[in-house]
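Residue numbers (full-length UniProt numbering): 1 to 420.
Quick reminder that beta carbons are idealized off the backbone N, C-alpha and C, glycines included.
Data block below; observations after.
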Amino acid sequence: RIRSIGTTVSALQGSLARKRREREKRRVAFHLYFSLFLLSIRTRSRMGVEARRLIKKANKNAPPILSHEFVIQNHGDITSVILMVVFLGFMWQQTSAIAQVFVLPQYNETINLTVGENIVTQVEGFRVGLRDIFTVLFYTVACVTVHAIIQEYVIDKLIKKICRDSKLSVSKTKLVKLNESGQLFVFWAYTLAHALWVLSDYFHTFNDVGKLWLNYPEEHRIMSLRTKFFFIIQLAYWLHSFPEFYLQKYKGEEMKERTLPILIHIAAITAGYALNFNRITLVLLSLEAIVGVLFHAARFLHIIECKNTALRLFHSWNIVFVVARLLETFVAAVVFWHGFKVNETPFVDFEQGNFNTSFIRLNALFVVVVLQGYQFAQFALFHFGRFRDSWSKKAKKTQSNAAISTAKNAAKAKKEKKEE
1 RIRSIGTTVS ALQGSLARKR REREKRRVAF HLYFSLFLLS IRTRSRMGVE
51 ARRLIKKANK NAPPILSHEF VIQNHGDITS VILMVVFLGF MWQQTSAIAQ
101 VFVLPQYNET INLTVGENIV TQVEGFRVGL RDIFTVLFYT VACVTVHAII
151 QEYVIDKLIK KICRDSKLSV SKTKLVKLNE SGQLFVFWAY TLAHALWVLS
201 DYFHTFNDVG KLWLNYPEEH RIMSLRTKFF FIIQLAYWLH SFPEFYLQKY
251 KGEEMKERTL PILIHIAAIT AGYALNFNRI TLVLLSLEAI VGVLFHAARF
301 LHIIECKNTA LRLFHSWNIV FVVARLLETF VAAVVFWHGF KVNETPFVDF
351 EQGNFNTSFI RLNALFVVVV LQGYQFAQFA LFHFGRFRDS WSKKAKKTQS
401 NAAISTAKNA AKAKKEKKEE
């Protein structure tokens with residue numbers, strides 16, 4: 001009887017041990033699957049590299065959960081989970097309507113437009129509304145995720161490869177500028193491509209320039225999908241710059257010098273989008289994109305010491321910058337001073353989306369001219385400072401060469417005197 005009791009106890013102990021091992025396996029499997037789920041959200045492409053990266057992270061002391069360092073290190077995964085949660089809302093009918101507000105452009109409608117004298121055609125498109133705020137917020141989170149992916153898989157790897165191949169040492173200040181130029185080069189290149197894609201729908205010949213102001217607001221307040229999505233992405237990108245201040249650990253001075261351009265872009269794009277001046281805004285942003293692509297490509301190459309290519313790009317940027325300032329001023333003057341003046345209205349009509357009053361029109365022109373003048377003044381001050389620094393260096397070098405030559409002549413004269 002004692003032997004049978006002992007056998008039963010040992011069997012129970014073995015059963016409990018097996019259950020504990022099974023629970024441990026399930027727990028480990030859950031953590032493994034959850035980790036793979038997070039990794040799949042961010043589209044990991046090279047699993048071997050990621051495995052080594054995870055092993056290195058595991059060997060380090062992990063920061064406490066929900067601490068500042070934890071959020072900064074894992075912000076890409078956190079924002080990816082937020083995006084996935086919103087996308088999961090499409091799986092249930094009860095939450096599908098809420099998810100659509102965040103993911104899909106709102107205010108899709110079909111209106112009747114009069115083309116020519118008596119021809120009426122139906123046009124389907126999107127207009128502006130308050131629900132666009134939620135869509136912009138969702139794509140702001142998406143921009144944070146894309147920013148992290150580009151930084152980790154493109155810019156960081158490119159910088160490491162360049163530093164390894166050319167044995168280049170990059171300081172912390174230069175590294176910040178490299179990352180910034182890399183991100184902005186990608187953004188401005190996308191902006192230029194998307195803006196030209198949208199403008200190709202409106203302008204086929206030079207005579208189509210009148211479409212910048214003709215048939216306002218009937219045709220202007222109804223946007224195509226690509227046009228509305230362009231403005232949503234533009235606003236989302238510039239808004240995502242504010243959380244990036246925290247995630248990139250910018251200091252107070254660095255945040256101050258970057259805040260003003262961000263606020264100017266947000267205000268200008270919002271005004272052009274909300275007031276149905278979307279076509280002229282597209283033209284101005286495409287010109288800005290050309291300048292941005294050249295400048296950040298030149299600065300990136302300059303920091304990694306590709307001096308000759310960077311110098312040629314900087315020379316091109318100097319010319320394009322001035323031409324862009326003049327073109328933007330000219331286009332704004334033609335559109336706001338001449339074009340919109342033809343069908344000006346005395347009062348704002350919110351129902352029809354007509355904001356073409358003399359007050360709004362002239363103030364819009366004034367803001368564009370002031371911004372061009374401000375940028376040109378900054379450009380002139382920058383080059384004046386460079387010229388002054390180079391002139392002072394040349395003067396010091398001339399003085400030092402003169403002092404050296406004077407000392408040599410004195411030594412030579414003294415030597416000749418001794419020989420005599």
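Identified DSSP bridge partners for residue i
| i | result |
| --- | --- |
| ASP349 | ASN354 |
| PHE126 | ASN108 and MET223 |
| LEU113 | THR121 |
Beta-carbon spacing of residue i, residue j below 8 Å
| i | j | result |
| --- | --- | --- |
| CYS143 | ALA62 | no |
| LEU365 | ALA332 | yes |
| PHE321 | ILE269 | no |
| PHE87 | LYS228 | no |
| GLN100 | ASN112 | no |
| GLY89 | SER96 | yes |
| LEU327 | LEU287 | yes |
| PHE138 | VAL103 | yes |
| VAL170 | LEU178 | yes |
| ASN276 | HIS220 | yes |
| GLY76 | ALA148 | yes |
| ILE262 | SER241 | yes |
| THR329 | VAL367 | no |
| ARG325 | GLN399 | no |
| residue 425 | VAL128 | This structure cannot speak to residue 425, because the chain is shown only from 1 to 420. |
Sequence-distant residues of the same chain with beta carbon closer than 8 Å to residue i, five excluded per side
| i | result |
| --- | --- |
| LEU168 | ILE162, ILE304 and GLU305 |
| THR357 | GLU344, THR345, PRO346, PHE347 and VAL348 |
| THR135 | VAL101, PHE102, VAL103, LEU104, PRO105, GLN106 and ILE232 |
| GLU69 | PRO63 |
| SER166 | ILE304 and GLU305 |
Same chain, Cβ closer than 7 Å to residue i, five either side skipped, listed in chain order
| i | result |
| --- | --- |
| VAL141 | THR79, ILE82 and LEU83 |
| GLU416 | none |
| LEU192 | SER286, ALA289, ILE290 and VAL293 |
| LEU225 | PRO105 and PHE126 |
| HIS265 | TRP238 |
| GLY182 | ILE155 and PHE300 |
| GLY180 | It should be noted that the sequence gives Glu, not Gly, for residue 180. Taken in chain order, the list of residues that qualify is empty. |
| SER316 | LEU294 |
| ARG164 | none |
Cut-off 6 Å between Cβ atoms - residues of its own chain near residue i, not counting five sequence neighbours on either side
| i | result |
| --- | --- |
| LEU239 | THR140 |
| GLU124 | THR110 |
| ALA310 | ALA298, LEU301 and HIS302 |
| PHE340 | TRP213, ASN356 and ARG361 |
| VAL28 | Caution applies to VAL28, whose pLDDT of 44 falls short of 50 and renders its modelled position unreliable; the value that the coordinates give is listed next. So no residue of the chain qualifies. |
| LEU284 | GLU328 |
Any C-beta of chain B under 8 Å from that of residue i
| i | result |
| --- | --- |
| ILE266 | Although the question refers to chain B, the structure presented lacks it and comprises just one protein chain. |
Contact the segment 155-162 vs the segment 274-284: 3+ CB pairs below 8 Å: Counting Cβ pairs under 8 Å, fewer than three are found: no touch.
Please go through the segment 138-206 and give each complete alpha helix (DSSP H) segment of 4 or more residues, from N-terminal end onward. With a minimum length of 4 residues, the continuous alpha helix (DSSP H) runs that stay inside the segment 138-206 are 156-166 and 172-199.
Is the segment 295-310 touching the segment 254-267 in the sense that three or more CB pairs, one from each, lie closer than 8 Å? No, they do not touch.
Between the segment 329-338 and the segment 359-373, do at least 3 Cβ pairs fall closer than 8 Å? As far as the Cβ criterion goes, the segment 329-338 touches the segment 359-373, which means the pair count is three or higher.
I want to know whether the segment 214-223 touches the segment 238-254 - three or more CB-CB distances under 8 Å. Two segments are said to touch when three or more pairs of C-beta atoms, one from each, lie closer than 8 Å; by this definition the segment 214-223 does not touch the segment 238-254.
Scan the segment 245-329 and note each continuous alpha helix (DSSP H) run of 4 residues or more that stays entirely inside, going in chain order. Correct list: 252-274 and 278-303.
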